[in-house]
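With the sequence shown counted from 1, adding 11 to any position gets you this note's numbering. Note that the Cβ used here is the ideal one computed from N, Cα and C, for glycine as well. Okay, structure first, notes after.
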Amino acid sequence: MTTHPEPDRRRTGPAAATTGWAHRHRDVSGGWLRPTVFGAVDGLVTNAALIAGVGGSGVTPHTIVLTGLAGLVAGAFSMGAGEYVSVTNQNELVQAEVALEADMHARFPQQEHDELVSRFVSYGADDDTARRMAEAVARDPDQALRLHTREELGVDPQDLPSAPLAGGASFVAFSIGALLPLLPYLFGASTLVVSLILTAVALLAGGMTVGKLTGRPLVHSGLRQLVLGALAVAVTYGIGQLIGAPVS
């Protein structure tokens, strides 16, 4: 029985050059990632510092839990509402600028066309090529407006971040971060040490997670977040120790 060798299925030529190629960029448009990361870290540091401050003043664990829960609720609503309003305002500003750009296209089509030609030339195209490219874009008015907006404002009017998503992500992330320093007290701990240890571990893990997302060194990102959080906790604890509180 004659056997035939298996054909070599390895890619060669131009196909080989694209092996392993893919768009692997992360979402940097500011939709949910930024408010989630910022909210979680902010909740963790804010409530850890708050708990350390009141804990350093000598109050009871019950008072610490009450203070921490109040800080969690107030901070989560503040962060969520603030992020929602911020993104909404930003989107409204972009939409107003898009409307202005559409008006400019309607009133001064030749000037807008020449502006796009100039941009293509600045990217390295010769005059003839730039004009042909601009004419091709101008055949679709909606696409032309979108391209002008992206070039002049740096945003895509069809890909704006969601205000409810950003606000909700910020609210939930802050709540989770703020809950961590409280967990030891909710499970019966009566000393600040356990809460601070859990906070330190969470800060280190959070910083390393950010480093993973941004492509930065994990240890450096983790230690940076840990040091900054520890500084905030140390300051508020010192204030609590300095001022103190009468315990009846």
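(request) Assign residue 236 to buried or exposed, taking buried as 16 or more other Cβ atoms, counted over all protein chains shown, within 10 Å of its Cβ. (result) On the sequence shown, position 225 is the one that residue 236 refers to. Under this definition residue 236 is a buried residue.
(request) Select from 127, 158, 219, 170 the residue whose C-alpha is nearest the C-alpha of residue 142. (result) Locating residue 142 in the sequence shown gives position 131, counting from the first residue. Ranking 127, 158, 219, 170 by Cα distance to residue 142 puts 127 first.
(request) Please work out which residues of its chain come closer than 6 Å, Cβ to Cβ, to residue 155, disregarding the five sequence neighbours upstream and downstream, and give them in chain order. (result) Numbered from 1 along the sequence shown, position 144 holds the residue referred to as residue 155. Within the same chain, residue 155 has close Cβ partners 148, 149.
(request) Report the rounded CA-to-CA distance for residue 203 versus residue 187, giving the unit in angstroms. (result) Counting from one through the sequence shown, the residue named residue 203 turns up at place 192. Counting from one through the sequence shown, the residue named residue 187 turns up at place 176. Roughly 19 Å separates the two Cα atoms.
(message) Between the region 72-91 and the region 105-118, can you find at least three pairs of beta-carbon atoms closer than 8 Å?
(response) Three or more Cβ pairs closer than 8 Å define a contact, and the region 105-118 falls short of that threshold against the region 72-91.
(message) Taking the alpha-carbon of residue 46 as reference, which of 92, 211, 205, 226 has the nearest alpha-carbon?
(response) Here residue 46 refers to the residue found at position 35 when the sequence shown is read from its first residue. Looking at 92, 211, 205, 226, the one whose alpha-carbon comes closest to that of residue 46 is 92.
(message) Going by DSSP in three states, residue 196 sits in which element: helix, strand or coil?
(response) Here residue 196 refers to the residue found at position 185 of the sequence shown. DSSP places residue 196 in helix when its eight states are reduced to three.
(request) Check whether the Cβ atoms of residue 172 and residue 221 lie closer than 8 Å to each other. (result) Here residue 172 refers to the residue found at position 161 of the sequence shown. Here residue 221 refers to the residue found at position 210 of the sequence shown. Result no, Cβ atoms of residue 172 and residue 221 do not sit closer than 8 Å.
(message) Going residue by residue through the region 147-193, where are the continuous beta strand (DSSP E) segments of at least 3 residues, counting only ones entirely within it?
(response) Entirely contained in the region 147-193, not one beta strand (DSSP E) run reaches 3 residues.
(message) With three or more C-beta pairs closer than 8 Å as the rule, is the region 209-223 touching the region 239-248?
(response) The region 239-248, when compared against the region 209-223, does touch it at the 8 Å Cβ threshold.
(request) To the nearest angstrom, report how far apart residue 193 and residue 80 are at their CA atoms. (result) For this step, residue 193 is matched to residue 182 along the sequence shown. For this step, residue 80 is matched to residue 69 along the sequence shown. Near 8 Å, if we compare the C-alpha coordinates of residue 80 and residue 193.
(request) State the CB to CB distance for the pair residue 159 and residue 94, rounded to an integer number of angstroms; the pair is presumed to be in contact (CB under 8 Å). (result) Working through the sequence shown from its first residue, we reach residue 159 at position 148. Working through the sequence shown from its first residue, we reach residue 94 at position 83. Rounded to whole angstroms, the Cβ separation of residue 159 and residue 94 is 29 Å, and the two are not in contact under 8 Å.
(message) Are the CB atoms of residue 185 and residue 63 within a distance shorter than 8 Å?
(response) Position 52 of the sequence shown, counted from the start, is the residue given in the question as residue 63. Position 174 of the sequence shown, counted from the start, is the residue given in the question as residue 185. The answer is no: Cβ separation not under 8 Å.
(request) For my contact list, residue 191 and residue 44 are in at a C-beta cut-off of 8 Å; report their separation, rounded to the angstrom. (result) Your numbering for residue 191 matches position 180 in the sequence shown. Your numbering for residue 44 matches position 33 in the sequence shown. The distance from the Cβ of residue 191 to that of residue 44 is about 20 Å, inconsistent with a contact at the 8 Å cut-off.
(request) Would you grab the beta carbon distance between residue 215 and residue 233 for me? Rounded to a whole angstrom, and I think it's under 8 Å. (result) The residue labelled residue 215 in the question sits at position 204 within the sequence shown. The residue labelled residue 233 in the question sits at position 222 within the sequence shown. Under the criterion of beta carbons closer than 8 Å, residue 215 and residue 233 qualify as touching, at roughly 4 Å.
(request) Might you give, ordered along the chain, the residues of its own chain that have their beta carbon closer than 8 Å to the beta carbon of residue 189, omitting 5 neighbours on each side? (result) By one-based count along the sequence shown, residue 189 stands at place 178. Here the set comprises 54, 55, 57, 58, 79, 82, 83, 86, 87.
(request) Enumerate in chain order the residues of its own chain whose CB-to-CB distance from residue 20 is below 6 Å, with the five nearest sequence positions on each side excluded. (result) As a working mapping, residue 20 is identified with position 9 in the sequence shown. In this prediction, residue 20 has a pLDDT of 49, which is less than 50 and means its spatial position is unreliable; what the coordinates show is noted afterwards. Nothing listed; no residue qualifies.
(message) Out of 201, 197, 168, which one is the CA nearest neighbour of residue 106?
(response) What you label residue 106 is simply residue 95 of the sequence shown in a count that begins at 1. With distances taken between Cα atoms, residue 106 lies closest to 168.
(request) Taking residue 255 as part of the alpha helix (DSSP H), name the residues at either end of that continuous run. (result) For this step, residue 255 is matched to residue 244 along the sequence shown. Where residue 255 is concerned, there is no enclosing alpha helix (DSSP H), given that its DSSP letter is neither H nor E.
(message) On the DSSP letters alone, give me the boundaries of the alpha helix (DSSP H) that residue 134 sits inside.
(response) As a first step, residue 134 is located in the sequence shown; it is residue number 123 there, counting from the start. No alpha helix (DSSP H) holds residue 134; DSSP gives it neither H nor E.
(request) Answer with buried or exposed for residue 228, where buried requires no fewer than 16 other C-beta atoms within 10 angstroms of its C-beta. (result) One-based indexing of the sequence shown puts residue 228 at position 217. The residue in question, residue 228, is exposed, as its Cβ has fewer than 16 Cβ neighbours within 10 Å.
(request) Confirm, please, whether the CB-CB distance from residue 108 to residue 130 is below 8 Å. (result) As a first step, residue 130 must be located in the sequence shown, where it is residue number 119. As a first step, residue 108 must be located in the sequence shown, where it is residue number 97. No.
(message) Tell me the rounded alpha-carbon separation between residue 61 and residue 224.
(response) Here residue 61 refers to the residue found at position 50 when the sequence shown is read from its first residue. Here residue 224 refers to the residue found at position 213 when the sequence shown is read from its first residue. Distance between the alpha carbons of residue 61 and residue 224: 28 Å.
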